[in-house]
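Comments concern the structure below.
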Amino acid sequence: MAFDSWHEFIWMGGYGWYVWLAYSVTFLAIALLVIHGLLTRKKLRQQAVKMQHQQQRLARRKQQERERSKLTDDTTS
Amino acid sequence: MWKWLHPYAKGEAAFRLLGLWQPWLAGLAVILVTVGVVWGLAYAPADYQQGDSYRIIFIHVPSAMFAMGAYTGLAITAFIVLVWQIRTAEWAIAAIAPVGAVLTFISLFTGAVWGKPMWGTWWEWDARLTSQLILFFLYVGVLALYYAFNDARTGAKAASILALVGVVNVPIIHFSVYWWNSLHQGATVTRFGETLMPASMKYPLYISILGFMLLTAALIVYRLRNEILKQELHRPWALAQLGVEKHHGV
Amino acid sequence: MNTASAWRLLTTVMRRDLAVALRRRSDVVNPLLFVVIVVTLFPLAVGPGPDILGRIATGVIWVAALLSSLLGSERLFRDDFLDGTLEQLVLSPAPLPLLAFGKVAVHWLLSGLPLVILAPLCAMLLKLPIAGWGVLMLTLLVGTPMLSAMTAVGAALTVSLGRGGALLSLLLLPLFIPLLIFAAAAVESALVGTSASGQVLLLTGLMLLTLLLAPFAVAAALRVSVN
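Residue numbers (this note's numbering), protein chains in the order written: chain B, 137 to 213; chain Z, 232 to 481; chain S, -16 to 210.
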């Protein structure tokens, strides 16, 4: 260990503020990139679910239209 | 000779291949960066001249190196986009640029914070910091151009042209900035002599550098996989990957 | 297309660009006026002391030149893009890099060359010692073609965008930096009394390299913007 105590470790020979500022901003920046990536993945999943529901609704509506027109055809023919 | 590469022009194949690498890249990156940083922060000896403030080097140097490295990757990808027009490469431009920009920001910030105890000021127009600042603008420019167009493919091609114009200029810019800095060297900037580092400082630095390389790759791979999913969201394989049920059409 | 007809197309394009630009004289004069205005503003902001002014003169003139070239960048391709001429040029059988070079040459004739002529006026206003005037004009003569060429690359990339103006400066300013550094250093050398030939030769080399490569970048960018 280069330091004799936790206090010395944080103090960094007087430069503690600078060293820890540099390290924490670095860690924060990388964490932001990671979080942004994860959030994007989640958003994509939500988007995909929404798209599928929309397509399901559309397909169901088309099916209903078809059945309705078949009924009217039967009564008129 | 390049036939083995052709299948990966397709989004799905690229997604799967990258998916194989992802956990290894990410896992090793976390381990190596942690080891390098902890070693450098807690176990490496203090520097004779700079005391403990030099410990910023263990994140400043790797981030600066791969800020440049990512730009080289960006330029190669740009070349592939313009010559072969492979869609996966177009999406890769959007994946690499933000990671490179963040790395450049980290190197600028850590460099400035390191500069305060070293030079007494938050900012100094030394060659390295100035070059990194210009690199940051190059990244931002590529991103801005990429997203400025309505059509994503046009945006990718325009951004690729800019990236290539930039890469031709990067050595010229670096050379001119170093030359300019040596010309105007007022304050004596004692650059930390990496070559004079003892082994107890060199090893954590090398480990950290390796870790940052894998971290950069892992971040880019993750973003690229996201981009592929985004562009292929309607396809069944993408839905399967996301765990979304495909509607059963009539 | 053989060389004779390609040459003919080039001269036609250049002559046409020249005629159109001279018709819209404000488009040509405004960037030059901008330089003079900027040069006038600095003494008002910094104080009329010759020592300060003389020290910053080269930098101010060159930065004003860079900014004015951004101002004048729309002239290169925007009008042709809007009325469809650009598409015709892109589709024409003549080599597009050659046509791009022609447009850059005309742009330089109307924006870079006048700057060289304006330089003594600006140098006088900013109290640049006379020892530096010659080298200043030389750096402008050698550097402004580079400026026109790189501005053309940026303009070609952003011509199809609605408001590409601010984006253009972001794209181009990093690329202008070596030009700025060596031009300013050349004049500094002349002022101190040492020979500026090294920097001027370097600038000339950069300029030739840019003029060689930029037309291809402009052509590629035009094809992307038009499609």
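The beta-carbon is built from N, C-alpha and C at its ideal position, and this holds for glycine as well.
Restricting to Cα atoms, I'd like to know which of the options is closest to residue i.
i        : options                           : result
Z:V264   : Z:Y434, Z:L249 and Z:G372         : Z:Y434
Z:E321   : Z:P467, Z:Q472 and Z:R454         : Z:R454
B:R177   : Z:A469, Z:E476 and Z:K477         : Z:A469
Z:W252   : Z:V475, Z:Q472 and Z:A448         : Z:A448
S:A(-11) : S:I100, S:S94 and S:G85           : S:G85
S:A149   : Z:S391, Z:V408, Z:V371 and Z:V396 : Z:V371
Z:E484   : B:E203, B:A184, B:L168 and B:W147 : Residue 484 of chain Z lies beyond the stretch modelled for chain Z, which goes from 232 to 481, so this question has no answer here.
S:G117   : S:D66, S:A173 and S:L162          : S:A173
S:L196   : S:S51, S:L79, S:T(-14) and S:V12  : S:L79
Z:F406   : Z:S391, Z:L436 and Z:Q363         : Z:Q363
S:I160   : S:L72, S:F17, S:L50 and S:L74     : S:L50
Z:I317   : Z:H465, Z:L236 and Z:E355         : Z:L236
Z:G242   : Z:V475, Z:M296, Z:G474 and Z:H465 : Z:H465
S:R38    : S:T187, S:A200 and S:A106         : S:A106
B:F139   : Z:Y239, Z:A240 and Z:G282         : Z:G282
S:F199   : S:V11, S:V87 and S:S178           : S:V87
Measure from the C-beta of residue i to each C-beta in chain Z and report whether the shortest distance is under 9 Å.
i      : result
S:S178 : no
B:T176 : yes
B:I166 : yes
B:H143 : no
S:L156 : yes
S:I143 : Just to set this straight, residue 143 of chain S is Ser in the shown sequence, not Ile. At least one chain Z Cβ lies under 9 Å of S:S143.
B:H189 : yes
Tell whether a beta-carbon distance below 9 Å holds between residue i and residue j.
i      : j       : result
S:V19  : S:L104  : yes
Z:I365 : Z:I404  : yes
Z:G267 : Z:S439  : yes
S:A139 : S:A83   : yes
Z:L374 : Z:A328  : yes
Z:A358 : Z:S413  : yes
Z:I262 : Z:W345  : no
S:L158 : Z:N457  : no
Z:L445 : Z:L259  : yes
Z:T335 : Z:S294  : yes
S:L205 : S:L(-8) : no
S:P97  : S:L15   : yes
Z:A379 : S:L92   : no
S:L162 : S:L121  : no
Z:I451 : Z:V330  : yes
S:F17  : S:A47   : yes
Z:K461 : B:Q188  : no
Z:G386 : Z:L376  : yes
Z:L441 : Z:M428  : no
Do we get a CB-CB distance below 9 Å when we pair residue i with the residues of chain S?
i      : result
Z:S284 : no
Z:G417 : Legend: pLDDT at Z:G417 = 44, less than 50; position of this residue unreliable, no value from coordinates given.
Z:T385 : yes
Z:G372 : yes
Z:G397 : yes
Z:V333 : no
At the 9 Å Cβ level, is residue i part of the contact set with chain B, yes or no?
i      : result
Z:E425 : Unreliable placement is indicated for Z:E425, whose pLDDT of 48 sits below 50; no coordinate value is reported for it.
Z:E243 : no
Z:F297 : no
Z:R454 : yes
Z:S294 : yes
Z:I337 : yes
Z:T421 : A caution first: Z:T421 carries a pLDDT of 43, below 50, which makes its placement in the model unreliable, though a value can still be read off. False, the Cβ-Cβ gap to chain B never drops below 9 Å.
Z:Y274 : yes
Looking at the unbroken alpha helix (DSSP H) that takes in residue i, where does it start and where does it end?
i      : result
Z:Q363 : A358 to A379
S:G147 : Run containing S:G147: none; DSSP gives neither H nor E here.
S:V18  : R8 to V29
Z:E243 : G242 to V269
Z:H465 : Neither: Z:H465 is in no alpha helix (DSSP H) and is coded neither H nor E.
B:H143 : W142 to W147
S:Q182 : S180 to V209
S:G115 : S:G115 -> no alpha helix (DSSP H), and no H or E assigned at all.
Z:L414 : A383 to L414
Z:K347 : R318 to W350
Z:E355 : Where Z:E355 is concerned, there is no enclosing alpha helix (DSSP H), given that its DSSP letter is neither H nor E.
S:Q71  : T68 to L74
S:V89  : L79 to L108
S:T177 : That residue, S:T177, is in no alpha helix (DSSP H); it is neither H nor E in DSSP.
Check whether the Cβ of residue i lies closer than 8 Å to any heavy atom of the ligand FAD, and answer yes or no.
i      : result
Z:G351 : Absence of the ligand FAD is noted for the structure shown, with no ligands found whatsoever.
Per the contact definition of three or more C-beta pairs closer than 8 Å, is the segment 337 to 347 of chain Z in contact with the segment 142 to 160 of chain B? The answer is yes - the segment 337 to 347 of chain Z touches the segment 142 to 160 of chain B, with three or more Cβ pairs under 8 Å.
Report yes or no: do the segment 180 to 191 of chain S and the segment 54 to 61 of chain S share at least 3 C-beta pairs separated by less than 8 Å? Segment contact: the segment 180 to 191 of chain S against the segment 54 to 61 of chain S, fewer than three CB-CB distances shorter than 8 Å; contact not assigned.
Segment contact flag, the segment 125 to 145 of chain S with the segment 26 to 34 of chain S, C-beta cutoff 8 Å, min 3 pairs: Contact between the segment 125 to 145 of chain S and the segment 26 to 34 of chain S is not established, with fewer than three Cβ pairs separated by less than 8 Å.
On the three-pair Cβ rule with 8 Å, is the segment 308 to 322 of chain Z touching the segment 170 to 184 of chain B? With contact defined as three or more Cβ pairs closer than 8 Å, the segment 308 to 322 of chain Z and the segment 170 to 184 of chain B are not in contact.
How do the segment 166 to 177 of chain S and the segment 112 to 132 of chain S stand: do at least 3 beta-carbon pairs fall below 8 Å, yes or no? Under the 8 Å Cβ criterion, the segment 166 to 177 of chain S counts as touching the segment 112 to 132 of chain S, having at least three qualifying pairs.
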